[in-house]
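Novice: Under my numbering, read the sequence shown as residues 6 to 151, first letter to last.
Even for Gly, the Cβ is constructed at its ideal location relative to N, Cα and C.
The structure's right below; bear with me while I get my questions together.
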Amino acid sequence: MTIDVDEADRGDVVERGMGVGFIPHNLDLASWNEGLTKFPFNVLFVAHSMKDGKKVSGSAVYEPEFSTFIKDDEMKMSCMHYRNIYNKTDTECRLMIAYNAENGGYCGGKYVNGEQVGVAVGPNWKTFFFHLTMLGLAKDEPCKFE
């Protein structure tokens, strides 16, 4: 995939870093709990930037915390939290993802050390996760650099 960036904007894009959106696979656990199929297997955030003249990428992966799964049939809503696999003892990074069974929409938030760093809303799976993952990496978010 190639992204065209105007020469005048190139330095700004590299300096700020550039996020990339991803659409995750859904959990395939219908035999365990049908409601979980509306949630992702994991969520990946990536940002690209330049450091010391070299391209670098940082990535953070969030995995489900099944103990947080809640399904409210009356409200037609389900919710689950996801935890950053690179969390350290002094950091706590989470996602909260909610699914509305009535309209098929999603909403969610990203939290770093208890502070909300971004939110996303979408009428369907692809739109929501594209916007959520376009948040990229946040300041102080533990990640893997390559």
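(1) Cα separation between K81 and A106?
(2) From Y91 to G110, what distance separates their C-alpha atoms?
(3) How would you write the range of the beta strand (DSSP E) that F135 sits in, first residue to last?
(4) Report the rounded CA-to-CA distance for G63 versus E146, giving the unit in angstroms.
(5) Measure how close the beta-carbons of N31 and F50 come, nearest whole angstrom, since I'm counting them as under 8 Å.
(6) Return helix, strand or coil for K43, following the three-state DSSP convention.
(7) Give me whichever residues DSSP pairs with K59 in a beta bridge.
(8) Give me, in chain order, the residues of the same chain whose beta-carbon lies closer than 8 Å to that of N129; leave out the 5 immediate sequence neighbours on both sides.
(9) Inspect the beta-carbon positions of K60 and Y104 and report whether they are closer than 9 Å.
(10) For L137, which residues of its own chain have a beta-carbon under 6 Å away from its beta-carbon, when the five flanking residues on both sides are left out?
(11) Using DSSP's beta-bridge definition, name the partner residues of I91.
(12) Please tell me whether T96 and N118 are closer than 9 Å, where the distance is taken between their beta carbons.
(13) Examine chain D for any beta-carbon lying closer than 9 Å to the beta-carbon of M55, and answer yes or no.
Specialist: Taking the structure as given:
(1) Translated into positions along the sequence shown, residue 81 becomes position 76. Translated into positions along the sequence shown, residue 106 becomes position 101. So the two alpha carbons sit approximately 5 Å from each other.
(2) Within the sequence shown, residue 91 is the residue found at index 86, counting from 1. Within the sequence shown, residue 110 is the residue found at index 105, counting from 1. Looking at the two C-alpha atoms, the distance is approximately 29 Å.
(3) Sequence index remark: in the sequence shown, residue 135 carries index 130 (1-based). Element bounds for F135: not the beta strand (DSSP E) but the alpha helix (DSSP H), 130-138.
(4) As a first step, residue 63 must be located in the sequence shown, where it is residue number 58. As a first step, residue 146 must be located in the sequence shown, where it is residue number 141. Approximately 10 Å between the Cα atoms of the pair.
(5) Translated into positions along the sequence shown, residue 31 becomes position 26. Translated into positions along the sequence shown, residue 50 becomes position 45. Actually they are not in contact, since the Cβ atoms of N31 and F50 sit about 18 Å apart, beyond 8 Å.
(6) Within the sequence shown, numbered from 1, the residue matching residue 43 stands at position 38. Helix at K43.
(7) Start at 1 with the first residue of the sequence shown, and residue 59 comes out as number 54. Paired residue(s): K56.
(8) As a working mapping, residue 129 is identified with position 124 in the sequence shown. Taken in chain order, the residues that qualify are G109, G110, Y111.
(9) The residue you call residue 60 lines up with position 55 of the sequence shown. The residue you call residue 104 lines up with position 99 of the sequence shown. No. Outside cutoff.
(10) For the purposes of this step, residue 137 is taken as the residue at position 132 of the sequence shown. Hits under 6 Å: G113, A125.
(11) Looking up residue 91 in the sequence shown gives position 86. The residue asked about is misnamed: residue 91 is Tyr in this sequence, not Ile. Answer is none; Y91 lacks a bridge partner.
(12) Mapped onto the sequence shown, residue 96 falls at position 91. Mapped onto the sequence shown, residue 118 falls at position 113. A contact, by the Cβ cut-off of 9 Å.
(13) Reference to chain D is not applicable here, since this structure consists of a single protein chain.
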